[in-house]
Structure formats: C-alpha cells, structure tokens
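Protein sequences appear in the order of chains W and C.
By our numbering, the letter at position 113 of the first sequence is numbered 96, and the numbering carries on one by one without gaps.
If you count the second sequence from 1, you need to add 559 to reach our numbering.
The C-beta atom is built at its ideal place from N, Cα and C for all residues, glycine as well.
Note that the coordinates shown come from a computational prediction; the quantities given were computed from them, not determined experimentally.
Notes follow the structure.
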Amino acid sequence: MVALVLLALVQTSVLPRPYAIVPNLLLVLVVCQGLISEPDVAVRWALYSGIGLDLCSGAMLGSHAMALLCAALAATLPLAWLNRNNWMLPLAGVAIGSLVYHGVLILMLGIEQGWFDIQPYLLVVALPDIAAALIPALPLYLILRWDRARRRGELAIDIY
Amino acid sequence: MMRNRQIKLPNAPSYRGVTLIVVIFLLIILLLALDRSGMADPVRGQVQSWIAPVLAWMRTGSFSLGQVSSPITDVATLRAEIAALQSENSQLKERLIQFEVTQLENRRLREQVRIEQERPWQLVGTAVSAMTPDSGRQIIMLAVGIEDGIQPGMAVIAQEGGQPPALVGVIESVGPQSAIALLITDFSSSVSAQVYQGEGTIAGLVNGRWQRGSRIWLEEIDREVAFAGGETVVTAGLSARLATDLPRAAIPANVPIGTIESVRIEGRSQIAEIRPYVDPSRVQYAWIIVNAGD
C-alpha cells in the first residue's frame, strides 16, 4: 500500500511528460497485477493507487480509484481464460484497461463539468495515453510474473 | 518455441473476491459522494498539506541528496580513507545541490521582484508540486495555501523564456498549505479577455480546449471585427461577473494570455485560436496574484 502511494507521488510529480503525455504507471501495474494474480488483488491495488492519485493531484476524491477499479476488472475478467505465459496478454490487458480507464474519466468529467464531444478527447488524450501505457506493459508484466514465480518456486515458460 | 495450449486458469473471482469487489466499489461511490458534498474537504486539505511539501521537494530534485552518501564500515585504513573522502565528497555534493537550489530560488525571487516592479501586483511564488496523473484534466497542485493568503479565484501566472509573465490558471480550491489550480487549457476553464485594437478594446471569453483537441480559444467576439493576427490577448478582469462557475474570481485586468494565431467566423460571432505565452502543462514554478494593486 505504501509503495503504491509512493508510486502515485512519483507519477504526479517527477515522471517525465514528453509532449504532455503521461505514462500511467499505476494503471499498468494494477492491470498487470490483476492478470497475474486474482482480480480481487488488482481491485485492492486499484483502490489504494486511485486514492493516492486523487490526493496527490487534487482530482475529485474517488475518481481515479473508480477509473482504475473499472480498468482492472475490464482488463482481467475477459482475459482470465488466456494463459498468463502469453506475451500478448499484458498488451491486450493494458490496452483494454486504458480504454476503460479513459471511458470512466470521460463519464465522470461529463457528470462533473458537463458533456463534450469525445472524439477529440479520444484522439488527443486517450490514444497517446494508451500508447504510452503499452510501452512499460510488457517489461512490468514480466517482472511481476518473475517475482510471483520466484515466490512460488515456479518455472516460467514463454509462449510466442 | 511452444504452442499456447489455452490452459484455463482458475482466475474467476471467488465468492469472497466478488464481495470484496462490491465493497470496494461501494466505498469508492461513498468517497465520490463525500467529495461532491464537500464533506471530504477538511480531510483532503489536511492530507494535501502533508503531501504538498514532499511533492515540491521531489519535483525540485532534492531527493537526489539521499543518493549521495553511502556508509562504509570496514576498519582497514584504506577503506577508512575512502570513507572519509566519500563523506567529504558527499558533503561537497550536498553543498553544491544546496547552492544550486539557492541559486534557483534567488533567480525566481529576482524574477518576482522584477514582475512586481513592472506591474502593480503583489505575488506569492511557489513550485508546482504535482500535475494530473493522466492527460484527462488540466490541473496542477501548488505548494502554498490559506496560510500564505491564497484564496479561490486568484490568478496563477508563470513565465517561459523571453515571454512576458502570463496567465496559466485560476485557483480552484485551497487547503492549509496546498492549492489546486485549474489551468486555462482545461475545457471547464473560462476567463473574460480583451484585445486592444486602435482606440478601443474587443471583448471575448478565453475558453480551454485541451480535451477538444486544441489549447485555448477566444470566443464570443463580434464578427464585424477584423484581426490581422498576432494581436495580444489580455484578461479583462470581468470573470467575476461573466463566469458563474467562478463566483470569487479575482483575476485582474491586463494579465497577458497569448497572441491570436488564426480567426474564423462561426455563426454570428468569431472564434480566434490563441497561442499562449506560457504552455501551462510545462510550468514548474508559478506566481499567484494575491493583490492586484487596484
């Protein structure tokens, strides 16, 4: 929990933002954790990370927690039938998770501030964010999978 | 290389897992409700007042101080000498970092004094402690609050390169030692503005367009007005009357915003795309106008 809040501090303060694109590390971490372990673990991580992000950024309390929770569920439940040794799993999971994450944020933004045309939002905000989230997805997934296998004494087999 | 045998994993959430998901979902709904009703504000303000200095410290790079030294416990003379040298090196690096921080603070204070000499404003300078965790909103957290005399509606200005100090946002909410500023590029931001042309002024509203694929637009301009391009857009100081969302707006008149880049007619009015003097998403240090000097 403390590590997730610290990561929230890092994401909102020191993480580089090339062309105003933010690499959403916590989203990737929550989705990857959900794909590797049980969805309820990802949901707990989503809560801690989301509240951390809300407090660090001054956003509406609960908004990022809700977005991360929905992203974790949407990414992990439909992909639960896939083998976790499949390298495509984190990429598909993070892409679905990011899309749902932004969908929830748009919904909340609309409720809070009024509705707007979502097409430019998707092109200018969501798509670059999704692309940026895909970059660390695979390395982070492999690290988490390796860590889990190490703890359980398993041998990871990669499937291409 | 192996083929994927489509091994089905027991990943479906158990009864306990489903209960946990429902409980967390309800908890988040409760948090959202508390936030909307304003009941979470005291707790949030208190937590942010703890977080803000840490965030500001992290952003200014001071956290690298901790990486400088490493303890050496070997009893051998050579190792002791190395330890002494490393310690000295660490102290020197620490001093260098402190010198750089002081130099930066000095430069920022000089800039503040220069702005205050040129304008009638009284400013409070602060580092930007945090930005939004994604590109969905355009808000920043500042490391000053009620204790520094900051109030909602105050204008936040910043300077970039050789550009004049320009408006980047408006204070939206304030905690004891932290403040949240809504950047002018956010789609919910609306600030009254004017363009000096000849003997008179042309009034309009500067609206944020980030979520709509642009930066800022000057809207509600009379369609009969002709623009050459490059005209300076400044605040009109009418936000308190025009923007119902900002009832306590305290943005003074004539704060530079940017220059007109292109103009097009839409309906019975004109819309001008503005190039801001300062890119709000790149701001590291900002000033809040606490007194407009009127």
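Closer than 8 Å at the beta carbon, the chain C residues around Q96/W: Annotation: Cβ neighbours of Q96/W in chain C (cutoff 8 Å, chain order): F746 and S747.
Chain W contacts from the segment 820 to 849 of chain C (Cβ-Cβ distance under 9 Å): Look at the segment 820 to 849 of chain C: the residues with a C-beta under 9 Å from a C-beta of chain W are D838, S840 and R841.
Option in I699/C, P839/C and Q829/C with minimal Cα separation from Q718/C: Nearest C-alpha to Q718/C among I699/C, P839/C and Q829/C: P839/C.
Residues that A(-14)/W contacts on chain C, provided the C-beta gap is smaller than 8 Å: Within 8 Å of the CB of A(-14)/W, no CB atom of chain C is found; the nearest one sits about 15 Å away.
Within chain C, partners of G93/W - CB distance below 8 Å: The premise fails here: G93/W is roughly 11 Å from chain C at the closest Cβ pair, so nothing lies under 8 Å.
Cut-off 8 Å between Cβ atoms - residues of its own chain near V517/C, not counting five sequence neighbours on either side: Shown here, chain C extends from 560 to 853; a query on residue 517/C therefore has no answer.
Per DSSP, cross-strand counterpart(s) of Q657/C: In the DSSP assignment, Q657/C is bridged to no other residue.
Limits of the unbroken alpha helix (DSSP H) element including S81/W: If you look at S81/W, you'll find it in the alpha helix (DSSP H) that goes M71 to Q96.
Terminal residues of the alpha helix (DSSP H) in which Y124/W lies: For Y124/W, the enclosing alpha helix (DSSP H) stretches over residues L110 to R135.
C-beta neighbour in chain W for T685/C, strict 7 Å: Output row for T685/C: interface = no.
7 Å Cβ shell around R733/C - same chain, five flanking residues per side excluded: According to the sequence shown, residue 733/C is Val rather than Arg. Excluding residues within five positions, the ones whose Cβ falls inside 7 Å are G704, I705, I709, Q710 and P711.
Whole-number beta carbon distance between L74/W and G35/W, since they are thought to touch under 8 Å: About 25 Å separates the Cβ atoms of G35/W and L74/W, ruling out a contact at the 8 Å cut-off.
V11/W beta carbon less than 7 Å from that of V77/W: For the 7 Å CB-CB criterion, V77/W and V11/W form a contact.
Contact the segment 13 to 29 of chain W vs the segment 43 to 59 of chain W: 3+ CB pairs below 8 Å: Output reads yes: the segment 43 to 59 of chain W touches the segment 13 to 29 of chain W.
Contacts that D130/W makes with chain C (C-beta to C-beta distance below 9 Å): None at all; the shortest Cβ gap to chain C is about 18 Å.
Opening and closing residue of the alpha helix (DSSP H) in which I101/W lies: Per DSSP, I101/W belongs to the alpha helix (DSSP H) from I101 to Y104.
When V581/C, I824/C and A795/C are compared against A714/C, the one with the closest alpha-carbon: Nearest option by C-alpha distance: A795/C.
Among L72/W, I126/W, A116/W and R0/W, the one whose alpha carbon lies nearest that of L82/W: When L72/W, I126/W, A116/W and R0/W are compared, the shortest CA-CA separation from L82/W is found for A116/W.
Supposed contact pair Q722/C and Y844/C - C-beta distance, whole angstroms, cut 8 Å: Y844/C to Q722/C, Cβ: 14 Å. No contact.
Between the CA atoms of N766/C and I810/C - distance to the nearest angstrom: Note on geometry: alpha-carbon atoms of I810/C and N766/C lie some 15 Å from one another.
Helix, strand or coil at G597/C according to DSSP, with G and I counted as helix: Residue state, collapsed to three classes: coil.
Range of the contiguous beta strand (DSSP E) that encloses S840/C: That residue, S840/C, is in no beta strand (DSSP E); it is neither H nor E in DSSP.
For Q736/C, the three-state DSSP class (helix, strand or coil): Three-state result, Q736/C: coil.
Integer Cβ distance of V44/W from R603/C, believed to fall under 8 Å: A small fix is needed here, since residue 44/W is Leu in this sequence, not Val. About 6 Å; that satisfies the 8 Å criterion.
Any C-beta of chain C under 7 Å from that of V13/W: Judged by the 7 Å Cβ criterion, V13/W is not in contact with chain C.
Residue from D707/C, G576/C, S821/C and R669/C whose Cα sits closest to the Cα of V792/C: Residue S821/C is the option with its Cα nearest to V792/C.
Beta carbon proximity, V606/C to chain W, threshold 7 Å: True, the Cβ-Cβ gap to chain W drops below 7 Å.
Residues, ordered as in the chain, of the segment 694 to 726 of chain C that lie near chain W by beta-carbon distance below 7 Å: Answer set for the segment 694 to 726 of chain C: S694, G695, R696, I698 and M700.
Contact test: P22/W Cβ vs the ligand NAP heavy atom, cutoff 6 Å: The ligand NAP is not among the ligands present in this structure, which contains no ligands whatsoever.
Range covered by the beta strand (DSSP E) that runs through V(-3)/W: That residue, V(-3)/W, is in no beta strand (DSSP E); it is neither H nor E in DSSP.
V26/W, enclosing alpha helix (DSSP H) - first and last residue: Element bounds for V26/W: P22 to S40.
V784/C in three-state terms, based on DSSP: The answer is coil: DSSP assigns V784/C none of H, G, I, E or B.
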